[in-house]
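*Asks:*
Numbering (the numbering used here), first residue to last: 13 to 61.
(1) Tell me the residue span of the alpha helix (DSSP H) that contains residue 28.
(2) What's the C-alpha gap between residue 41 and residue 20?
(3) Quick one: Cα of residue 35 to Cα of residue 28, how far?
Quick look at the structure:
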């Protein structure tokens, strides 16, 4: 039980690196989504109603 409680504090550097890796990956996914949105808007012009 004690080991489970102190785990985050003993491994904070590794946890922070993993957090940064995940954030960078999510930013890359967001950039891909933004690019796809622009492509769809450019190639499939939607009619305004």
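Here a beta-carbon is modelled for each residue, glycine too, at the ideal position from N, C-alpha and C. Because the structure is a prediction, the values reported are computed rather than measured.
*Replies:* In terms of the structure at hand:
(1) 24-55
(2) 28 Å
(3) 10 Å
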